[in-house]
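Visitor:
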Ligand SMILES: Cc1cc2nc3c(=O)[nH]c(=O)nc-3n(C[C@H](O)[C@H](O)[C@H](O)COP(=O)(O)O)c2cc1C
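Residue numbers (the UniProt record's numbering): 1 to 195.
Shown next, in the form of structure tokens:
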């Protein structure tokens, strides 16, 4: 079956800096031969985790909303691109809200001691994290990167790279960056080419 890649554009700013990078990576991945899908997260309707503990015994979230639709896709694909900007020194709320809903997979792994990906014959899953920050403050990506690492690990996806660009603030500023677009495309290709 053809390798598939999903890009989640998590910023509410449609076609903003992180979305542009996600598109570049995804387009390169498609050109290399991958089946691709792009999702604008703010177009979906999902709640934050309610901390009800419902997933502790089943490994399934009890809330029935679009997070289930998105996670169905995330579990199915071979490659994942998460593109999310820095808001208030951390990952943007749209991304964090979705990531908290992955508590069901944490419960699957660490409470129920089961695999999230049950098919032992599946090829290794890989992904990249993309972010932009308006400032150049030291450590501005630290919090978001920790969250992204945790998320990819929970989903049994190898995080191949975190592509983080600082000093990129206004919509479209990333287009003026010297190397960012080429880097995104390079990793989009690598996502497909790495077996
Ligand atoms: C609500 C909000 C909070 C932000 N907080 C930070 C911040 O703490 N540090 C920073 O460097 N940039 C911050 N920014 C700037 C964004 O990270 C920057 O504009 C980025 O390029 C946005 O990417 P996007 O176009 O993909 O949304 C903030 C922007 C918004 C809208």
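A virtual CB, placed ideally from N, CA and C, is assigned to each residue, including glycine.
Since the structure is predicted, the reported quantities are computational estimates derived from the model, not experimental observations.
Which residue or residues does DSSP assign as beta-bridge partners of residue 146?
Guide: Residue 146 is not bridged to any residue.
Visitor: Can you give me the Cβ contacts of residue 62 inside the same chain, cut-off strictly under 6 Å, excluding the 5 residues immediately before and after it?
Guide: 54
Visitor: Compute the Euclidean distance between the alpha carbons of residue 105 and residue 154, then round it to the nearest angstrom.
Guide: The straight-line gap from Cα to Cα measures roughly 6 Å.
Visitor: How many angstroms separate the CA atom of residue 161 from the CA atom of residue 107?
Guide: 26 Å
Visitor: Throw me the rounded Cβ distance for the residue 5 and residue 31 pair, which I believe falls under 8 Å.
Guide: The Cβ separation is near 12 Å, so there is no contact.
Visitor: Are the CB atoms of residue 21 and residue 132 nearer to each other than 9 Å?
Guide: yes
Visitor: Kindly list the residues whose CB is nearer than 8 Å to the CB of residue 189, restricted to its own chain and excluding five residues on each side of it in sequence; keep chain order.
Guide: 28, 29, 31, 32
Visitor: For residue 5, which of helix, strand or coil comes out of DSSP?
Guide: strand
Visitor: So, residue 80 versus residue 7, is the Cβ gap smaller than 9 Å?
Guide: With contacts defined as CB atoms closer than 9 Å, residue 80 and residue 7 qualify as a contacting pair.
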